[in-house]
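Colleague:
Protein chains: 4
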Amino acid sequence: MMRTVILGAIGAGRIGKLHTENILQMPGVRMKLMADPYIDETWARGRSLAVTTEPEAVFADKEIEAVLIFSPSTLHADQIITAAENGKHIFCEKPIALDPDRIRQALDAVAKAKVKLQIGFNRRFDPEFCRLREAVSSGEIGRLYQIKITARDPALPSIDYVKTSGGMFLDMTIHDFDMVRYLSGSEVEEVFAAGAAMIDRTIGEAGDIDTAITTLKLTNGALAVIDNSRQAVYGYDQRIEVFGSKGSMQACNRTPTRTVSTTAEGVITDKPLYFFLERYQESFRVEMEEFVAALREKRDPAVGGIDGLISTLIGIAAKESMERGEPVRVNQG
Amino acid sequence: MMRTVILGAIGAGRIGKLHTENILQMPGVRMKLMADPYIDETWARGRSLAVTTEPEAVFADKEIEAVLIFSPSTLHADQIITAAENGKHIFCEKPIALDPDRIRQALDAVAKAKVKLQIGFNRRFDPEFCRLREAVSSGEIGRLYQIKITARDPALPSIDYVKTSGGMFLDMTIHDFDMVRYLSGSEVEEVFAAGAAMIDRTIGEAGDIDTAITTLKLTNGALAVIDNSRQAVYGYDQRIEVFGSKGSMQACNRTPTRTVSTTAEGVITDKPLYFFLERYQESFRVEMEEFVAALREKRDPAVGGIDGLISTLIGIAAKESMERGEPVRVNQG
Amino acid sequence: MMRTVILGAIGAGRIGKLHTENILQMPGVRMKLMADPYIDETWARGRSLAVTTEPEAVFADKEIEAVLIFSPSTLHADQIITAAENGKHIFCEKPIALDPDRIRQALDAVAKAKVKLQIGFNRRFDPEFCRLREAVSSGEIGRLYQIKITARDPALPSIDYVKTSGGMFLDMTIHDFDMVRYLSGSEVEEVFAAGAAMIDRTIGEAGDIDTAITTLKLTNGALAVIDNSRQAVYGYDQRIEVFGSKGSMQACNRTPTRTVSTTAEGVITDKPLYFFLERYQESFRVEMEEFVAALREKRDPAVGGIDGLISTLIGIAAKESMERGEPVRVNQG
Amino acid sequence: MMRTVILGAIGAGRIGKLHTENILQMPGVRMKLMADPYIDETWARGRSLAVTTEPEAVFADKEIEAVLIFSPSTLHADQIITAAENGKHIFCEKPIALDPDRIRQALDAVAKAKVKLQIGFNRRFDPEFCRLREAVSSGEIGRLYQIKITARDPALPSIDYVKTSGGMFLDMTIHDFDMVRYLSGSEVEEVFAAGAAMIDRTIGEAGDIDTAITTLKLTNGALAVIDNSRQAVYGYDQRIEVFGSKGSMQACNRTPTRTVSTTAEGVITDKPLYFFLERYQESFRVEMEEFVAALREKRDPAVGGIDGLISTLIGIAAKESMERGEPVRVNQG
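Protein chains in written order, with this note's numbering: chain A, 4 to 336; chain B, 4 to 336; chain C, 4 to 336; chain D, 4 to 336.
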């Protein structure tokens, strides 16, 4: 019979709760302890979860073999290092850190401790995008020429969030950079980014942008382009197309229903699922299954620390490209 | 070089003008004379068309080899007979007549005179429905099990029109009956029709209906079902599905553009083309090409007088079925 | 805090397991005991479920307040009666029985014991069809004129299954009959069914059909039509359209992904979800939540024993209509 | 009554014939003379067209008020100048010339002669793209943020064609550059182009590319991106999206039919119309109507010589950007 995998978590906010709900439904997995200074007691009690306000209690628990880091981004690198030093395997939400040197320190600690680290690039586990990846890797669309990603958020972030986010490229486009690497199976050589604060002047005043088009040259010779917006009034717009010598495959938006209403106003179908938690619901579940499977099989998870580092380096190059108004080569880790 | 085909027309109203515009663009075809008591002089002059108020002038013209009958329905049978007696080939809009005996008289005259007669079941020449027919006849969908037709008009007819129309089955559904025969390549054995005046009480008071569902049993064992409405607020709804042992093929509505608008209100595409003249534009052109080709090749047109008769007999059976509340066998011509 | 609802189940086959998996994820619900003569021990142990081979153990357990009947159809009526006599509330998969008198006996027992009974018409809880119901009941599509249901199974049933199924109308179309009642909020007055064994001769030899078109007249004046097939080679085809004075709404098939592949072969999207367990996954979860909510709120469930009876009466009328070749009035319970 | 507009044409190849067929159907327009050294006599005779092998005969004809230039691109500038010097209004297919100075000479001759000049950017008259333009100009999509154009040809050009084409940006993308200007109502300030010969090595050896992604910064602050391919195995792919503060509108591909085939292989719809003559059929008709209307109303046509010049300047900037590997500012005419 399958051995029980025992987990602990740091952080029980929105994303921590989401993952924990998924974990509670996995056979052979136990969430032993969750640390959060402001834990939602009612939620935890309803699920019979043990809680603490002290992360140290999680790190110190001998039974816990892996720590899930769902805390604020600024704490990720420190907590990865502490977890590694305590011999725990680690699942950490993106980003590891905004500073590549800090990321490298965290990865060094992981390497030294010989623990596993999975980074929360959940979109790699979305069934739509997995289908695209399969179409590329199996040769179904032939030799890859282009990847096109549209990623638009449903609503502007708060200015406070913007100020500590590291900027749109490191906060939002980083998912798309990782997706380009995932879909292509190749690396990004050079980035050219054009962007502006078109939607909200205060975002510009805070030194950030809300709209961008980013072109990427890949080492396999293919091109990729990402168009981003911080606000589409109709909701969360997440579309990808891969195009190659045998054809193209597009992943369209998911919608609440498949109904089609035909009235005097027109033929109307549903808007895309509004929020990333709904849109990527399935991917969150599958990525955690992957983490648990990697622990069981004593192998590296499908998406590791190096992926967190490289996406950050692409994001830094994108930002630099936009600021300098010229293409920038990506530091290859 | 192709010999010139010389035509004359009786009737230059909406449908007569439409066909004439198409004919004017056909190489090797000449519209020599058009008869209409209320002819639109400006329109005719702009196209250098010779006109008369007297149908007899068309029938009597020795050069005219075929007469196109675009007059009011009540005159069709008489004019077919006169045309045949004058040795003219004939294109006649549906219906030949509402009374099967009168239709048979007209067809007898055609047979006796050994002239060609094509009936205006234009939908047989619509590219969408031709594709369905091909999918059935080529075996692409395998053995045929079911045909499903949705036919809804965009707006109610006037009560005056209703009163002389012969009723919805003979006026509107007759096209769908012909389509079932065309798509299946089979005959209708039995009809069961359920219908009512749901939309407009005055249509009911005039003895007619505005909504119906009609089930047909075909001689090849397949089933067909037609749902009709005299008024869909969103426009002209013309969809067909054929289903067989190897799959299904649907013909969806045609729209003015392929644009997709995504706003806070939803994802919106175009309503169907609103009017039969727009929706079936291409079919009107192709059916007239077929008529001219049949004249040139001295062969029977693809859709003849017998098709007009049989559809009428199905319509009569449908009406009787609805009134008696039971299925009715179709008189096979 | 919410009191815990304690359940027991009779039957732990495919559908019993499915419901139980859902129940295990519901807060405040406990599956205390499952009875099945051939229980899958590994499955039960993995979920820490208490099991027995004796249904009586479930009926006799004082703590269990409701019994879920997932046993073979032929046992349903007896088990409903036993459960009622033991004062248990009841969730029972459809059908209650094939014989209306037997159904009435079961409902009498339920009424006498004053227990709640919910019948497993899960499709009422499907998000697509709920959206259609809302469009009808809210007046969004105006006054209802027509309901059109397409229901095709992906693969033929075995002849053994056919022989005990009660025939296609009672086994398969019964869901569609219930759907017509649910969507319209009205009753079926009269049925006309045309059907045949077109796909598999042996189904015909067993006295059943595999293809049908059924027309229904409703008490509110609307019409409904259902087209069924026991086998669509492309999978499970479940589409519905409601049409009224303000427009139409269609529920299209659900698919595994939203990807669109464009190759030299054409523009290709996914086939419908193949199997009813996948297609109606969400509805099974929601219907069980409804049952538990009804228990908690001490109210009747949204779909009760009478709905099981009426759908059966419509099915019987449909079968009789097909055999007699004429429309048949439905016995109104 | 409308006065007759008398036209002459230089060139009666594929595009010359297409336009002439459209002109023959326009009321009040006469094609008096067509010049082509290798004229298709059968085609001309079937349409009763007067022909000559000498362009001079067209330029010299006093009755001809406008000359349509359908000759090889290398002759365009010379023929525009000659036509202008002869006082003829001019319709000329794109490009005027590949060299901006040569274009300026031609435009100077047009200005000096005070004749009208329309350039054949037919896509401005495509109903799909007109709908997008309307959505932008009416404010329907709000303030414009992004324009995204996908333009893929169905098959590689011959190497001989490639060598004299001016390169992909001037030959193919030039239409997309004009479309960005048309849709945005704004000018292009800066271009960054990434491209390569990915599909066919010999195109690279000839100094050209077959795949590109081009980013454009507009004077109104919006961004545009164009992805091009010289070969999509599935046909001619022409999609555009405009995105703004109130939503997005996409123009999807047009297809031969709207049929949907559902088989064991999947749900299959038509590939895009394969060839630009079919895809843009309607736009060719409407652009010629615009030219004739401009002549009648003695006004400038909707798309003039300056549009031909500016698109060429953008194309030159794109080529330079790709070669230098950095963004290039566009010479503003």
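C-beta: ideal position from N, C-alpha, C; glycine also.
How would you label Gln241 of chain D, buried or exposed, when you count the other beta carbons within 10 angstroms and need 16 or more for buried?
Modeller: The sequence position of residue 241 of chain D within the fourth sequence is 238, counting from 1. By the 10 Å Cβ count, Gln241 of chain D comes out buried.
Colleague: How is Asn231 of chain D classed by DSSP in three states: helix, strand or coil?
Modeller: Taking the first residue of the fourth sequence as position 1, residue 231 of chain D is located at position 228. Looking at Asn231 of chain D - three-state DSSP - the assignment turns out to be strand.
Colleague: Interface residues of chain C around Asp273 of chain D at Cβ under 8 Å?
Modeller: Counting from 1 along the fourth sequence, the entry for residue 273 of chain D is found at position 270. In chain order: Gly269 and Val270.
Colleague: Going by Cα to Cα distance, which pick from C:Ile26, C:Lys322, C:Asp273 and C:Ser286 is closest to Val263 of chain D?
Modeller: Taking the fourth sequence and counting its residues from 1, one reaches residue 263 of chain D at position 260. Closest option to Val263 of chain D, Cα to Cα, is C:Asp273.
Colleague: By DSSP's criteria, Lys115 of chain B is part of a beta bridge. Which residues make up the other side?
Modeller: Within the second sequence, residue 115 of chain B is the residue found at index 112, counting from 1. Per DSSP, none; premise fails for Lys115 of chain B.
Colleague: Using a C-beta to C-beta distance shorter than 7 Å, which residues of chain B count as neighbours of Ser51 of chain D?
Modeller: On the fourth sequence, residue 51 of chain D is found 48 positions in, with the first residue counted as 1. Those within 7 Å of Ser51 of chain D in chain B number zero; the least Cβ separation is about 10 Å.
Colleague: Any chance you could list the alpha helix (DSSP H) runs of at least 4 consecutive residues sitting entirely within the stretch 208-284 of chain B, in chain order?
Modeller: Fully enclosed alpha helix (DSSP H) runs of 4 or longer: 279-282.
Colleague: Glu268 of chain D and Thr222 of chain D look like a contact to me (Cβ under 8 Å); what is the Cβ gap, rounded to whole Å?
Modeller: The count along the fourth sequence starts at 1 and reaches residue 268 of chain D at position 265. The count along the fourth sequence starts at 1 and reaches residue 222 of chain D at position 219. With 8 Å as the limit, Glu268 of chain D and Thr222 of chain D do not qualify as a contact, their Cβ atoms being about 49 Å apart.
Colleague: Taking 8 Å as the CB-CB limit, is Ile317 of chain A close to chain D?
Modeller: Indexing the first sequence from 1 puts residue 317 of chain A at position 314. So no, Ile317 of chain A is outside the interface.
Colleague: Hey, how far is the Cα of Thr257 of chain D from the Cα of Asp163 of chain C?
Modeller: Along the fourth sequence, read from residue 1 onward, the residue named residue 257 of chain D stands at position 254. Along the third sequence, read from residue 1 onward, the residue named residue 163 of chain C stands at position 160. Sequence inspection shows Arg at residue 257 of chain D; the Thr mentioned does not correspond to that position. Distance between the alpha carbons of Arg257 of chain D and Asp163 of chain C: 49 Å.
Colleague: Tell me the residue span of the beta strand (DSSP E) that contains Arg155 of chain D.
Modeller: In the fourth sequence, residue 155 of chain D corresponds to position 152, counting from 1. Run containing Arg155 of chain D: Leu147 to Arg155, per the beta strand (DSSP E) assignment.
Colleague: Give a yes or no on whether 8 Å exceeds the smallest Cβ distance from Ala158 of chain C to chain B.
Modeller: For the purposes of this step, residue 158 of chain C is taken as the residue at position 155 of the third sequence. Chain B, which has no Cβ nearer than 8 Å to the Cβ of Ala158 of chain C, makes this no.
Colleague: To the nearest angstrom, report how far apart Ala53 of chain B and Ile309 of chain B are at their CA atoms.
Modeller: Along the second sequence, one-based indexing puts residue 53 of chain B at 50. Along the second sequence, one-based indexing puts residue 309 of chain B at 306. When rounded, the distance between both Cα atoms is 32 Å.
Colleague: In the structure shown, what three-state DSSP assignment does Thr7 of chain B receive?
Modeller: Counted from its first residue, the second sequence places residue 7 of chain B at position 4. Coil at Thr7 of chain B, not helix or strand.
Colleague: Can the beta-carbon of Glu10 of chain C be found closer than 8 Å to that of Ile67 of chain C?
Modeller: Mapped onto the third sequence, residue 10 of chain C falls at position 7. Mapped onto the third sequence, residue 67 of chain C falls at position 64. Sequence check: residue 10 of chain C is Leu here, not Glu. In contact: Leu10 of chain C and Ile67 of chain C (Cβ atoms closer than 8 Å).
Colleague: So which of C:Leu147, C:Ala321 and C:Pro275 has the shortest CA-CA distance to Gly169 of chain C?
Modeller: Against the third sequence, residue 169 of chain C aligns to sequence position 166. Of the listed residues, the one whose Cα sits closest to Gly169 of chain C is C:Ala321.
Colleague: Whole alpha helix (DSSP H) runs in the stretch 29-55 of chain B with 4 or more residues, listed along the chain?
Modeller: List check, alpha helix (DSSP H) in window: 44-49.
Colleague: Out of curiosity, what's the CA-to-CA distance linking Leu101 of chain D and Gly16 of chain B?
Modeller: Walking along the fourth sequence from the start, residue 101 of chain D turns up at place 98. Walking along the second sequence from the start, residue 16 of chain B turns up at place 13. In a straight line, the C-alpha of Leu101 of chain D is about 52 Å away from that of Gly16 of chain B.
Colleague: Tell me, please, whether the CB atom of Pro130 of chain A is closer than 8 Å to any CB atom in chain D?
Modeller: As a working note, residue 130 of chain A is residue 127 in the first sequence. No, no contact with chain D.
Colleague: Consult DSSP for Gln121 of chain B and reduce its assignment to one of helix, strand or coil.
Modeller: Translated into the one-based positions of the second sequence, residue 121 of chain B becomes position 118. Gln121 of chain B: strand per DSSP, three-state reduction.
Colleague: Under 8 Å: do the stretch 81-95 of chain A and the stretch 117-124 of chain A share three or more Cβ pairs, one atom per stretch?
Modeller: Yes, the stretch 81-95 of chain A touches the stretch 117-124 of chain A.
Colleague: Taking the C-alpha atoms as reference points, what is the distance between Val331 of chain B and Ala199 of chain B?
Modeller: Your numbering for residue 331 of chain B matches position 328 in the second sequence. Your numbering for residue 199 of chain B matches position 196 in the second sequence. Computed Cα separation, rounded: 18 Å.
Colleague: Is Glu239 of chain B close to chain A, meaning its C-beta is less than 8 Å from at least one C-beta of that chain?
Modeller: Stepping through the second sequence from its first residue, residue 239 of chain B is reached at position 236. Reading off the sequence shown, one finds Tyr at residue 239 of chain B, where the question assumed Glu. No, Tyr239 of chain B lies away from the interface with chain A (no Cβ there is under 8 Å from its Cβ).
Colleague: Where do the ends of the alpha helix (DSSP H) carrying Glu323 of chain C lie?
Modeller: Along the third sequence, one-based indexing puts residue 323 of chain C at 320. Segment Gly308 to Arg327, the alpha helix (DSSP H) holding Glu323 of chain C.
Colleague: Under a three-way DSSP split, which group does Ala3 of chain B fall into?
Modeller: Residue numbering for chain B in the displayed model covers 4 to 336; residue 3 of chain B lies beyond these limits and cannot be assessed.
Colleague: Go ahead and label Tyr185 of chain A buried or exposed: buried means 16 or more other beta carbons lie within 10 angstroms of its beta carbon, across all protein chains shown.
Modeller: As a working note, residue 185 of chain A is residue 182 in the first sequence. Result: buried.
Colleague: Rounded to a whole number of angstroms, what is the C-alpha to C-alpha distance between Leu298 of chain A and Ala196 of chain A?
Modeller: Counted from its first residue, the first sequence places residue 298 of chain A at position 295. Counted from its first residue, the first sequence places residue 196 of chain A at position 193. Going by the C-alpha atoms only, they are around 38 Å apart.
Colleague: Going by DSSP in three states, Ala196 of chain D sits in which element: helix, strand or coil?
Modeller: Within the fourth sequence, numbered from 1, the residue matching residue 196 of chain D stands at position 193. Three-state DSSP puts Ala196 of chain D in a strand.
Colleague: Leaving out the 5 sequence neighbours to the left and right, which residues in its chain are closer than 7 Å to Lys97 of chain B when beta-carbon positions are compared?
Modeller: Along the second sequence, one-based indexing puts residue 97 of chain B at 94. For Lys97 of chain B, where only same-chain residues beyond five positions count, the Cβ hits under 7 Å are Ile122, Gly123, Phe124, Ile177 and Gly311.
Colleague: Might you give, ordered along the chain, the residues of its own chain that have their beta carbon closer than 7 Å to the beta carbon of Arg105 of chain B, omitting 5 neighbours on each side?
Modeller: The count along the second sequence starts at 1 and reaches residue 105 of chain B at position 102. Here the set comprises Ala80.
Colleague: Using 8 Å as the cut-off, can you tell me whether the stretch 11-31 of chain B makes contact with the stretch 247-257 of chain A, which would need three or more C-beta pairs spanning the two stretches below that distance?
Modeller: No: the two stretches stay apart, fewer than three of their Cβ pairs being nearer than 8 Å.
Colleague: For chain B, find out if any of its Cβ atoms is closer than 8 Å to the Cβ of Gly250 of chain D; answer yes or no.
Modeller: Counted from its first residue, the fourth sequence places residue 250 of chain D at position 247. True, the Cβ-Cβ gap to chain B drops below 8 Å.
Colleague: Could you tell me which residues DSSP pairs with Arg332 of chain A in its beta bridges?
Modeller: If you number the first sequence from 1, residue 332 of chain A lands on position 329. Answer is A:Glu193.
Colleague: Would DSSP call Leu186 of chain C helix, strand or coil?
Modeller: As a first step, residue 186 of chain C must be located in the third sequence, where it is residue number 183. Helix, per DSSP.
Colleague: How far does the alpha helix (DSSP H) with Phe132 of chain C in it reach, from first residue to last?
Modeller: Taking the first residue of the third sequence as 1, we reach residue 132 of chain C at position 129. Pro130 to Ser140 is the span of the alpha helix (DSSP H), which, as asked, contains Phe132 of chain C.
Colleague: How is the alpha helix (DSSP H) around Ala87 of chain C delimited, first residue to last?
Modeller: In the third sequence, the residue the question calls residue 87 of chain C occupies position 84. Start and end: His79 to Glu88.
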